[in-house]
Amino acid sequence: MSHLFPHGVVPMEFPTFSLTLPSELRMLSVARGFVEAVCQAYKLDRTTTHALVIVTGEAITNIVRHAHQNRSGAQMEMHLRILPDGVEIIFQDEGQPFDLASVPQLPPGELRIGGRGIYLMRTLMDELTSQPRASGNVLRMVKRCAAPASMRDCG
Numbered sequence: 069m070s071h072l073f074p075h076g077v078v079p080m081e082f083p084t085f086s087l088t089l090p091s092e093l094r095m096l097s098v099a100r101g102f103v104e105a106v107c108q109a110y111k112l113d114r115t116t117t118h119a120l121v122i123v124t125g126e127a128i129t130n131i132v133r134h135a136h137q138n139r140s141g142a143q144m145e146m147h148l149r150i151l152p153d154g155v156e157i158i159f160q161d162e163g164q165p166f167d168l169a170s171v172p173q174l175p176p177g178e179l180r181i182g183g184r185g186i187y188l189m190r191t192l193m194d195e196l197t198s199q200p201r202a203s204g205n206v207l208r209m210v211k212r213c214a215a216p217a218s219m220r221d222c223g
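Numbered per the working numbering, the sequence shown spans residues 69 to 223.
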């Protein structure tokens, strides 16, 4: 179905929130606060909110340390979209192509420093994909949950 909208504006099917950040670890609290605020606004349950905040911190840390290699001036984008059956978070970085499949599955009891970010993303999220793009990577995560209260109320 195709509609024309004034000035080329196309309405969003699902609410989407975006944030552009400098690639710095001190931005962790900003990114986590952004995710938590959107989750609270849509009255998502505490377990879902907590999982999304954790994976956001892990994704930001990995982007800063590995994709951007602490390079000053690099930026990242976050896009959080509320779906009828969950939440999608997309991170875009400016790093070298990354193959998510190359990261081994870690046994849960293995003790080591670091290397838990991808493990946590795989464990806490229902979908996790990474795709290279022209100038970086796109990391997509989806957490399935009941429809947010504010979407149910809209009919």
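Glycine is no exception: its CB is placed at the ideal position from the N, C-alpha and C atoms.
Per DSSP, the beta bridge partners of residue 149 are 84, 156. In this structure, residue 145 lies away from residue 121, with their beta-carbon atoms at least 9 Å apart. A contact between stretches requires three or more CB pairs, one per stretch, nearer than 8 Å, and the segment 186-199 fails this requirement with the segment 132-145. With a cut-off of 8 Å on Cβ pairs, the segment 91-104 is not in contact with the segment 199-210, counting fewer than three such pairs. Beta-bridge analysis with DSSP links residue 209 to 157, 196. In the DSSP assignment, no residue is bridged to residue 137. In the three-state scheme derived from DSSP, where H, G and I count as helix and E and B as strand, residue 204 is classed as strand.
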